[in-house]
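Colleague: All residue numbers for the sequence shown refer to our numbering, where the first residue is 2 and numbers rise by one. Note that CB positions come from ideal geometry on N, CA and C, so glycine has one too.
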Amino acid sequence: MVGLFLLDLALPKNIPLLPYYFLVVVLSASLATPRQMVPLIVQAYGLAIISGLYWNFLLSIDYATRLLALSGVAVVAVQLSAQRCRETALRRQSERTLNLTLDNAAAGMALADASGRLLRVNPALCDMLGRDTQTLLTLSWPEITHPDDIAREQPLVEAMLANRRDSYRIKKRYLRGDGSSIWVDLSRSCVRGPDGYLEFFIGQAVDISAEMAAQDALARSEETLRSTVDQCSMGLAICAPGTGAILQANAELCSELDLAPVALVGSGLSLIVDALEKVSEQGEESGPLIDHDALEALLRGENDHYKARVKLLRGGRPRGWGDLKFSNLRDASGAVRHVLLELDDITNVVSQTEYLQAAAAAGVVGIWDWDPVHDVLTWDPVMYQLYGVRPNQFSGALEAWSCCVHPDDRAAAEAELQAAIRGELQYAACFRILWPDGSIRHLRSASRTLFDANGRGVRILGVNYDVTELVQTQEQLQAEQHRLSTILDALLDPHLMLGPVRDEAGSIVDLCILRANPAAAAYNHMALEDFVGARVRQFWSDHVSDGLYGRYLEVLSTGKPLVLDNFPLHHAQQGGLRHFDIRAVKVSEELSVIWRDVSERIAMEAALERRAAIDSLTNLLNRDEVFTQMNQLLADDPRRGVTLAVLFCDLDHFKDVNDRYGHLAGDAVLQAMAQRIRSCLRESDLAARIGGDELLVVLPGLQGLPDALTIAEKLRLLASEAVPIPQGLVQISISISVGVALASAGETPDELIARADTAMYTAKQQGRDQVVAIT
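(1) I'd like the span of the alpha helix (DSSP H) that includes M631, first residue to last.
(2) Indicate whether L696 and A646 have their beta-carbon atoms separated by less than 8 Å.
(3) Are the CB atoms of G335 and P242 within a distance shorter than 8 Å?
(4) Which class does T484 belong to by DSSP, given the choice of helix, strand or coil?
(5) Whose CA, out of A744, Q37, G73, L254, lies closest to the CA of G323?
(6) Restricting to Cα atoms, I'd like to know which of S685, R683, D657, A689 is closest to Q672.
(7) L382: which of D372, H375, P373, N393 sits nearest, CA to CA?
(8) DSSP on R391, reduced to helix/strand/coil?
(9) Are there 16 or more other CB atoms within 10 angstroms of the CB of D345, so buried, or fewer, so exposed?
(10) Where Q37 and Y46 are concerned, what is the direct C-alpha to C-alpha distance, given to the nearest angstrom?
(11) Would you mind reading off the limits of the beta strand (DSSP E) that contains P448?
(12) Are any of the Cβ atoms in chain B nearer than 8 Å to that of A211?
(13) Given this structure, state the Cα-to-Cα distance separating T763 from S617, to the nearest angstrom.
(14) Going by Cα to Cα distance, which pick from G236, G663, L91, K587 is closest to E224?
(15) Please confirm whether L682 and A709 have their CB atoms less than 8 Å apart.
(16) Can you give the Cα-Cα distance for I203 and A113, rounded to whole angstroms?
(17) Using C-beta distances below 6 Å, list every residue in its chain close to A309, excluding the 5 sequence neighbours before and after it, in chain order.
(18) Can you give me the C-alpha to C-alpha distance between L444 and Q205, rounded to a whole angstrom?
(19) Contact defined as beta carbons within less than 8 Å: I believe C513 pairs with R484. What is the distance between those atoms, to the nearest angstrom?
(20) What does the alpha-carbon distance come out to for the pair H306 and P124?
(21) May I ask which residues mark the beginning and end of the beta strand (DSSP E) holding A498?
(22) Just checking my contact of I434 with V406 at CB under 8 Å: how many whole Å lie between their CB atoms?
(23) State the Cα-Cα distance for the pair A250 and M129, rounded to the nearest angstrom.
(24) Drop a sphere of 10 angstroms on the beta-carbon of V280, count the other beta-carbons inside from all chains shown, and report buried for 16 or more, exposed for fewer.
(25) If S705 sits next to F649, beta carbons under 8 Å apart, how far is it from one beta carbon to the other, in whole angstroms?
(26) So what does DSSP say about G768, is it helix, strand or coil?
(27) If contacts are defined as beta-carbon pairs under 8 Å, then L471 and A83 qualify, I think. What distance do you get, rounded to the angstrom?
(28) Going straight from the alpha carbon of A774 to that of D751, what length do you get?
(29) Based on DSSP bridge pairs, tell me the residues matched to F649.
(30) Tell me the DSSP secondary structure of W402 in three-state form.
(31) Using the Cα positions of R679 and T759, report the straight-line distance between them to the nearest angstrom.
(32) Assuming A614 and L622 form a contact by the criterion Cβ under 8 Å, report the distance between their Cβ atoms to the nearest whole angstrom.
(33) When the Cα atoms are used, what is the spatial distance from S182 to W541?
(34) What is the rounded straight-line gap between the Cα of A414 and the Cα of A211?
(35) Tell me which residues share the same chain as D543 and place their Cβ nearer than 6 Å to its Cβ, disregarding the 5 neighbours each side in the sequence.
(36) Straight-line CA distance for A33 to L119?
In structure tokens, the structure reads:
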């Protein structure tokens, strides 16, 4: 300014420098305080007056006007300086408040610039992510975010950068320093400049790993339950309370009712009840009809159980009795959630199941600040929402909070808070609160205690968040797991849960029995505690040799269910080869296996098939079976270039044996003849009894008529030997007359046998005990 004054004196009079004296004052407003500007203003005025005296401008009106205008500029400069100082003070106060909040908040908090690079992190976030502050400040939010969650969050960030939104909330995973991941509930907002440009992000993260783990466990339990319902050998359905609408029905129920799944799901109970009642009402042996009043009362929740004996329908015809049972499934509050329908025949064991309901865990986060020295408790707006009260209903003291806590939890919550003030622990209580309307909510708290120089607690900063749904989900999960365990333990069919045993490379080397119901342990003649934990390859080595172990691994690899009927398997505990119906389903990373021993049923069916094809007296084929096999042989032999022959044999003088010795002797003669005929035949030949004393021999694969005549002659000679009977030897001459016929192209079994029969009668007419061929 002195330099300007000297320049003013040196320059001509017509070049005034008066405005430049106050230019220095205006420029100092951006740097100096109003008090620091006073000497500059005084100096500017002094030099201006001296300059005016020097050039004789001081008393002119023009100079006085300019000097007055410049005085106004000086006043404005002082005001701008004062405003700048106030804004600087407010900004510094805001920065101190922000720093205090970040450093002492119990929830993880961070600031990031528009590119995502972290600018500030608080200790809580460092603890949560297992990283130090310096490491985190070298990273950006995508670098600490789990790769699978970046794509979900990126559109929200881009919307904030584009000024389309100012905040968002998302559940995501962060990467910890040790490589593991942690689930957080992230709330992110932004601070913008006057022009709307985003200056920086501010985020708050709450650890919800426990809640997400509970949800995952609940989903796995629900998948296990659904799979068990689908593969259960009993007919099951889940119905809606009140209406009785069918929500889910398994394949066994559809089979029991002879109805398609599309007809069952979505329909009412009347479809099932009416179908069963139509059968129940038939005949005098029918059980009592279904009590509609009792069933309606059950749907209204007035009683929990109803059971009736019914007859089952298959193909429009009754096929036996069944037990129909309805049960109400209630939650922890006693409300009916579902109606369980069970339908089983009298040989099966009742099993039951129900749906699992997943509930989201964690709620909004409220921040609180307590000064224990002055007993001042400060809540943010979210805290009032969590506690269901309005700000004017809260006195701001610890007692007001204590009155909101459930009486049964109050003493423990207060004791933990006092222990935190003494520095004995970090306050992280979980407690119940009572809303003014009497409802109960579950809250979880996290906090940080501040101490003075003497180690006395002077402040606690903390957060509360609603975990009501999480607590209810955990309680429901425990109840559902107990119900599922009860259902599996009640099954008569053995059931196992198998888990993979992996080597260091992650390959499956064996399967371990993780869980078994009592039926599985009993079937293997072992105590349940000894059975669980066994390895399949060691305990059931036959599973490997019979291929079942490989099929189990295929289910775990592909996820495709395994369905085996009548599967032959060597079972050492049951004494050798048995037959099983086996069902295996992948549940998460484990394998649910259920089986039923059907060996007795298979043996019975095989015996029935043999009895249906064999003549009970001679053990030869009967008429129906030999005709069935002849149809196939007549189609096959011409294609192989060979022919088929039929020998129609009739015993000579057989009636005389019955008349003289009785029918028991006649049966003995037939049995002896059948045995002799069978001894002359090849493995591929057929022998059958088609009438009283009429025997039929079918010879496939012959080269011509001479082969057939050779076998027929051999039969005739054997038949003439004496036959022993209970009375001794038959004294009547027994012989056979044989008619031989070769099959012609396109000839039916009836036509071929008729020609052989004609040849046999020719042998009879020519004196019996002869072989006659017909062409």
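Modeller: With the given structure in hand:
(1) 624 to 637
(2) no
(3) no
(4) Note that residue 484 corresponds to Arg in the displayed sequence, not to Thr. In this structure, R484 counts as helix in the three-state DSSP scheme.
(5) L254
(6) A689
(7) Going by the sequence as given, residue 382 is Pro instead of Leu. Per the Cα distances, N393.
(8) coil
(9) buried
(10) 16 Å
(11) The sequence given here places Ser at residue 448; Pro does not occur at that position. Element bounds for S448: 441 to 452.
(12) The displayed structure is made up of one protein chain only, and chain B is not part of it.
(13) 30 Å
(14) K587
(15) no
(16) 7 Å
(17) I291, L325
(18) 18 Å
(19) Actually they are not in contact, since the Cβ atoms of C513 and R484 sit about 25 Å apart, beyond 8 Å.
(20) 57 Å
(21) The residue asked about is misnamed: residue 498 is Met in this sequence, not Ala. First-last of the beta strand (DSSP E) with M498: 496 to 503.
(22) 6 Å
(23) 46 Å
(24) Because the pLDDT at V280 is just 44, under 50, the model does not fix this residue reliably, and the value given afterwards should be weighed accordingly. Classification for V280: buried.
(25) The sequence given here places Gly at residue 705; Ser does not occur at that position. Contact flag wrong, Cβ pair sits at about 19 Å.
(26) coil
(27) In fact, because the Cβ distance is near 54 Å, the residues do not count as touching under 8 Å.
(28) 17 Å
(29) L697, G740
(30) helix
(31) 23 Å
(32) 6 Å
(33) 39 Å
(34) 21 Å
(35) H571
(36) 34 Å
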